[in-house]
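If you're matching positions, the sequence shown starts at 415 in my numbering and goes up one per residue. Note that the Cβ used here is the ideal one computed from N, Cα and C, for glycine as well.
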Amino acid sequence: MTFLILATIVLFVLAGIRVMSIAALSAELRNNRKDDVITDAENRSQGNMWVIFMIAFFAFCAWQLYAYGDKILPEAASAHGPAIDNLFYTTLALITVVFILTHIVLVYQTYKHAGKNGKRATYFAHSNKLELIWTVIPAVVLTGLIAYGLTVWNDVIYPGDKKASVIELYSKQFDWTARYAGKDNTLGRSDFRTIGEGNDLGLIEDSKSDDDVIVKGEFHLVKGEPVQFKFRSRDVIHSAFMPHFRAQMNCVPGMETNFEFTPTITTKEMREKLNNPKFNYVLMCNKICGAAHYNMQMDIIVESKEEHNKWLAEQKTWAQTKAVATQTASVIEQTNTTATSDK
Ligand SMILES: [Cu+2]
Numbered sequence: 415m416t417f418l419i420l421a422t423i424v425l426f427v428l429a430g431i432r433v434m435s436i437a438a439l440s441a442e443l444r445n446n447r448k449d450d451v452i453t454d455a456e457n458r459s460q461g462n463m464w465v466i467f468m469i470a471f472f473a474f475c476a477w478q479l480y481a482y483g484d485k486i487l488p489e490a491a492s493a494h495g496p497a498i499d500n501l502f503y504t505t506l507a508l509i510t511v512v513f514i515l516t517h518i519v520l521v522y523q524t525y526k527h528a529g530k531n532g533k534r535a536t537y538f539a540h541s542n543k544l545e546l547i548w549t550v551i552p553a554v555v556l557t558g559l560i561a562y563g564l565t566v567w568n569d570v571i572y573p574g575d576k577k578a579s580v581i582e583l584y585s586k587q588f589d590w591t592a593r594y595a596g597k598d599n600t601l602g603r604s605d606f607r608t609i610g611e612g613n614d615l616g617l618i619e620d621s622k623s624d625d626d627v628i629v630k631g632e633f634h635l636v637k638g639e640p641v642q643f644k645f646r647s648r649d650v651i652h653s654a655f656m657p658h659f660r661a662q663m664n665c666v667p668g669m670e671t672n673f674e675f676t677p678t679i680t681t682k683e684m685r686e687k688l689n690n691p692k693f694n695y696v697l698m699c700n701k702i703c704g705a706a707h708y709n710m711q712m713d714i715i716v717e718s719k720e721e722h723n724k725w726l727a728e729q730k731t732w733a734q735t736k737a738v739a740t741q742t743a744s745v746i747e748q749t750n751t752t753a754t755s756d757k
């Protein structure tokens, strides 16, 4: 079907080109043209065609907005989300007005001042007045927009909520690991030199890391409770992008970055709102970080406090994981010893 539509468009364009060359040939035969002088009628029709093109172009833009407008942003599911959305829509409204006005002026000029034999264009090399207008107006408007943007950004990035629970998001080519800070709400320290079998995040053994909970595949958040994310990267620069929560932060090797937000809509509520039982919030990588970048994601479940506590209790702490690993290792060793002594 797509191929047929494309083929039809191509054939129409080709037919148009043939019709134009036939018209040119017949005009030449009638010999009503002095060399290559363009007639007033031709200039007039070009001016009119610009107006038709502008109307069709605006209609196309309006149709796009109507057909795909709901795909611009999904509903914000974090406390600071509406502030970001207002900033986005203010900018969008402003550039839409500028877009429409400049196009009307552009097309009006080509229509009004279409070429005419004997008419000459005015020439001037410099105009202080014009320079001033197109420098001062954008400068004032952009200053306002940037001041507004910085205010919103400061509110979003420095909420200063001391109650926020701490979660680390650890990135590497090509997956995410979440680490909950546990009962003391303090993450244990880490060092890349300790990365190895059973210690993917390079944790250092101390009392603070013992109650940390490490999860893969999906991580859970509580509705209405602030959470402070700390981002780390093992290899290259990744970017933690959680679109529904209007949150994005780079994960940079060798340093720790932060982002804090409060989820406001549970996964269950969002599924009902969207009428999509399969919907999940998602954490994605938003930095082209290598071959499997497209697949670097993790599901996010937002739930009530009770559901969250139940889920968290089912997860193993770092101390438990270590104990199991040590046990397995000693069982293997024992089996090997027994097998050797049997011989
Ligand atoms: Cu990545």
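Helix, strand or coil at residue i [DSSP, three-state]
| i | result |
| --- | --- |
| residue 652 | strand |
| residue 669 | coil |
| residue 563 | helix |
| residue 730 | coil |
| residue 615 | coil |
| residue 482 | helix |
| residue 434 | helix |
| residue 583 | strand |
| residue 712 | strand |
| residue 683 | helix |
| residue 521 | helix |
| residue 719 | helix |
| residue 699 | strand |
| residue 415 | coil |
| residue 594 | strand |
| residue 623 | helix |
| residue 459 | helix |
| residue 664 | strand |
| residue 693 | coil |
| residue 781 | Examination of residue 781 is not possible in this model, given that the chain is present from 415 through 757 alone. |
| residue 639 | coil |
| residue 632 | strand |
| residue 541 | coil |
| residue 779 | The requested residue 779 is not part of the displayed model; the chain covers only 415 to 757. |
| residue 644 | strand |
| residue 589 | strand |
9 Å Cβ cutoff met for residue i and residue j
| i | j | result |
| --- | --- | --- |
| residue 549 | residue 464 | no |
| residue 682 | residue 717 | yes |
| residue 680 | residue 493 | no |
| residue 626 | residue 731 | yes |
| residue 601 | residue 715 | no |
| residue 640 | residue 687 | no |
| residue 658 | residue 488 | yes |
| residue 589 | residue 710 | yes |
| residue 631 | residue 569 | no |
| residue 529 | residue 452 | yes |
| residue 651 | residue 591 | no |
| residue 612 | residue 735 | yes |
| residue 728 | residue 571 | no |
| residue 535 | residue 678 | no |
| residue 430 | residue 526 | no |
| residue 665 | residue 585 | yes |
| residue 624 | residue 507 | no |
Residues near residue i in its chain [Cβ-Cβ closer than 6 Å; skip 5 each side]
| i | result |
| --- | --- |
| residue 541 | none |
| residue 603 | 618 |
| residue 722 | 634 and 636 |
| residue 667 | 647 |
| residue 582 | 593, 601 and 644 |
| residue 704 | 587 |
| residue 719 | 636 |
| residue 702 | none |
Other residues of its chain near residue i: CB distance less than 8 Å, five sequence neighbours each side excluded
| i | result |
| --- | --- |
| residue 608 | 616, 617 and 618 |
| residue 670 | 644, 645 and 646 |
| residue 517 | 468, 471 and 472 |
| residue 655 | 661, 662, 697, 698, 699 and 700 |
| residue 457 | 528, 529 and 530 |
| residue 562 | 501 and 504 |
| residue 418 | none |
Contacts around residue i, its chain only, beta-carbon distance under 7 Å, and the 5 residues preceding and following it disregarded
| i | result |
| --- | --- |
| residue 599 | 579 and 580 |
| residue 707 | 588 and 699 |
| residue 421 | none |
Item to check | Contact between the region 627–646 and the region 593–603 (3+ Cβ pairs under 8 Å) | outcome: yes
Next on the checklist: Within 8 Å, do at least three Cβ pairs link the region 616–630 to the region 684–704?
Outcome noted: no
Checklist entry - Is the region 553–569 touching the region 466–480 in the sense that three or more CB pairs, one from each, lie closer than 8 Å? => result no
Item to check | the region 434–442 / the region 492–512 touching (three or more Cβ pairs under 8 Å) | outcome: no
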